[in-house]
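If you're matching them up, the sequences are chains A and B in order. Counting in my numbering, the first sequence runs from 61 upward without gaps. Counting in my numbering, the second sequence runs from 613 upward without gaps. A virtual CB, placed ideally from N, CA and C, is assigned to each residue, including glycine. Since the structure comes first, as structure tokens, the remarks are kept for the end.
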Amino acid sequence: MIMNEIFAIAGVVIKELVRRKDFYVLFVLTALITLIMGSVNVFHDTRIVRYLKEICLLLIWVCSLVIAVTTAARQIPAERESRTIFPLLAKPVTRTQVLLGKFLGCWVACAIALAAFYLFFGVAAMSKEHHWPLANYFQAMALHWVMLGVVIAMTLLGSLVFSAPSANTTICFVVVAFILLLGRHLDKVAVQVSEPARGLLQALFFAIPHLEFFDLRDLVVHDWPPVQWLVCFKAVAYAAAYAALFLAASCLWFRRKPLN
Amino acid sequence: MTTTASACVPDAPPAGAGTEPKWPRTTAAGGTNRARNATTAPPEVITFEHLRVEYPTRERGAPAKLAVKDLTLSVHAGEVFGFLGPNGAGKTTTMNVLLGFTRATDGEAFLFGTNVREPVARQRIGYLPELTYYYKFLTGEELLRFYARLFRIPRAEREGRIDRVLELVELGPARKRPIKTYSKGMQQRVGLAQALINNPDLLILDEPTSGLDPVGRMKVREIIQRLQHEGKTVFFSSHELGEVETVCDRVAILHQGELKAEGRVSDLVSRHGGNLEQVFLRVIGYQP
Chain A
61 MIMNEIFAIA GVVIKELVRR KDFYVLFVLT ALITLIMGSV NVFHDTRIVR YLKEICLLLI
121 WVCSLVIAVT TAARQIPAER ESRTIFPLLA KPVTRTQVLL GKFLGCWVAC AIALAAFYLF
181 FGVAAMSKEH HWPLANYFQA MALHWVMLGV VIAMTLLGSL VFSAPSANTT ICFVVVAFIL
241 LLGRHLDKVA VQVSEPARGL LQALFFAIPH LEFFDLRDLV VHDWPPVQWL VCFKAVAYAA
301 AYAALFLAAS CLWFRRKPLN
Chain B
613 MTTTASACVP DAPPAGAGTE PKWPRTTAAG GTNRARNATT APPEVITFEH LRVEYPTRER
673 GAPAKLAVKD LTLSVHAGEV FGFLGPNGAG KTTTMNVLLG FTRATDGEAF LFGTNVREPV
733 ARQRIGYLPE LTYYYKFLTG EELLRFYARL FRIPRAEREG RIDRVLELVE LGPARKRPIK
793 TYSKGMQQRV GLAQALINNP DLLILDEPTS GLDPVGRMKV REIIQRLQHE GKTVFFSSHE
853 LGEVETVCDR VAILHQGELK AEGRVSDLVS RHGGNLEQVF LRVIGYQP
């Protein structure tokens, strides 16, 4: 029964995303860039489709992160700024339900966006390769979506901690980019420096959510065999633990936060 | 208004209260049953007990700002209660405590005998904020459907209720238009519709006629009077003292966080002389 309120709030978040133009602009941009690049074959390389797939997947990753972070970052601040939070909390709902509803809405909205992006990607790739490795695509999309859950939970927490949504958006982008690009190398860097930097870097390495675990772009680009399903489930559990941690912190913070 | 009094709010009982006796209502764990005197007087719908609200100040070492000081007040079932005071008197803070937006520093507040800290206390209330704060990308119909879901109104009943409240506030033709296209008066009316969607036993209205034209004010006043005839309790704040005098059974006047006067409008007027406006000015110590 507790889910009724969460689903209702999530439904409003999804409607908002569907009615905003952000997603459509990003989708059209990705499609245009991919189609233009796909129509050009500069070096008559038969493996050009790999480059095309790599660029398209990179665009999908960037667009999905933009959608996830910007959507999650504005949820609570926009409710407070437009004061829609008051009639909402005057109903028999708790702040925890509001927050979980916002999370679910953003996450499901990202799933809809990802489905559209990956469908386009699949069609574009199939038109060149004439085969469709469904298991690879499914694993890449599913783990991508699970990773976005961690990003959305982290951004929601940021939206409560930082006063300005723009500051939260920027910080979240920087943190996510840092984790994706440098997160996996932190332990290697740590062994090359002296204490206390070594200890700090090692602590950071184990503390951050390793979002790069969920990046299966190479698998799709090079048509490697699918990852073992058990590994996928472990990755999902890992992401669920981090998302739960961020959401629990957000709920505690939101319960104490004055609305005015 | 074109509808009849019986069509003022949906006929069915509010979701979650359908099979329960109206009075008294037991409290959630840790609460106190404030409806214990139900046999001798109309039951208390709103109760404040020694309510005190302080806001911390940003300046280091500065004392906390006292917004409400030792407020003890009760509103009974079926009353239209006016909550008056000049700007900064503590009316909105008191309403915020009642709606669970702000925590009291000391004292307690109860809705239908249930501590306001429990979300279930808000199951039987409707709230209309001073200004229109709704999701502008939703249509009027979608907004009402959303709020109806939060009250767990069964799907089969939901659409009927939406039709009735939209008819009541005369927004039927605009129900499928996004709220961002509504005029100010229409937005206030959709606000009233959302406040009535759960067929509330108590309506909390924060300056419901603020910014409305005379026709809009008259319509809101008519709705309040209809609700009164149906036995609903209405608790509202307003600066329109003529309007308060017309519709209210009792009023309370707050000034600088303190309750300065409380009673029936007729009693206050006969005690202090003049009209409610003159009573109000005298009570808050206004010197021309």
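Beta carbon proximity, residue 772/B to chain A, threshold 8 Å
no
Kindly list, in the order they appear in chain B, the residues whose Cβ is closer than 9 Å to that of residue 64/A.
761, 762, 764
Beta-carbon proximity check, residue 855/B vs residue 876/B, cutoff 8 Å:
no
To the nearest angstrom, how far is it from the Cα of residue 872/B to the Cα of residue 882/B?
17 Å
Residue 245/A by DSSP, collapsed to three states: which one?
helix
With residue 251/A as the anchor, note down where its alpha helix (DSSP H) starts and where it stops.
Note, residue 251/A: premise wrong, no alpha helix (DSSP H); not H, not E.
Where DSSP assigns a beta bridge to residue 677/B, which residues make up the other side?
667/B
List, in chain order, every chain A residue whose beta-carbon is nearer than 7 Å to that of residue 712/B.
149
Ordered along the chain, which non-local residues of its own chain (more than five positions away) have a Cβ less than 8 Å from that of residue 755/B?
746, 747, 791, 802, 806
Go ahead and pull the three-state DSSP assignment for residue 810/B.
coil
Which residues in the same chain as residue 70/A place their Cβ atom closer than 7 Å to its Cβ, once the five residues preceding and following it in sequence are excluded?
161, 164, 165, 168
Quick one: list the residues of chain B neighbouring residue 153/A, beta-carbon separation under 9 Å, in chain order.
731, 734, 762
Taking all protein chains shown into account, do 16 or more other C-beta atoms lie within 10 angstroms of the C-beta of residue 199/A, making it buried, or fewer, making it exposed?
buried
Using 10 angstroms around the beta-carbon of residue 796/B, count the other beta-carbons present and answer buried if the total reaches 16, otherwise exposed.
exposed
The stretch 693 to 708 of chain B: positions lying closer than 7 Å to chain A by Cβ
none
Rounded C-alpha distance that separates residue 159/A from residue 220/A:
10 Å
Counting pairs of beta carbons, one from the stretch 713 to 726 of chain B and one from the stretch 126 to 144 of chain A, are three or more of them closer than 8 Å?
no
Out of 861/B, 886/B, 818/B, state which residue places its alpha-carbon closest to the alpha-carbon of residue 874/B.
861/B
Amino acids of chain B, ordered along the chain, whose beta-carbon sits closer than 9 Å to that of residue 319/A
708, 713, 714
Taking the Cβ atom as the reference point for each residue, do residue 280/A and residue 151/A lie within a distance shorter than 8 Å?
no
Is the distance from the Cβ of residue 124/A to the Cβ of residue 208/A below 8 Å?
yes
Minimum Cβ-Cβ distance from residue 724/B to chain A less than 8 Å
no
Would you decide whether residue 134/A is buried or exposed? Buried here means 16 or more other CB atoms lie within 10 Å of its CB.
buried
Alpha helix (DSSP H) segment containing residue 718/B, residue limits:
Counting along the chain, residue 718/B falls outside any alpha helix (DSSP H), though it belongs to the beta strand (DSSP E) covering 718 to 723.
Can the beta-carbon of residue 671/B be found less than 8 Å from the beta-carbon of residue 679/B?
no
Quick check: residue 118/A and residue 203/A, are their CB atoms within less than 8 Å of each other?
no
DSSP state of residue 698/B, grouped into three classes?
coil
Note down the Cα distance separating residue 622/B from residue 782/B, rounded to an integer number of angstroms.
Here residue 622/B scores only 44 on pLDDT, less than 50, and its place in the model is too uncertain to base an answer on.
Residue 870/B at chain A interface by Cβ criterion, 8 Å:
no
Where do the N-terminal and C-terminal ends of the alpha helix (DSSP H) with residue 113/A fall, by residue?
108 to 141
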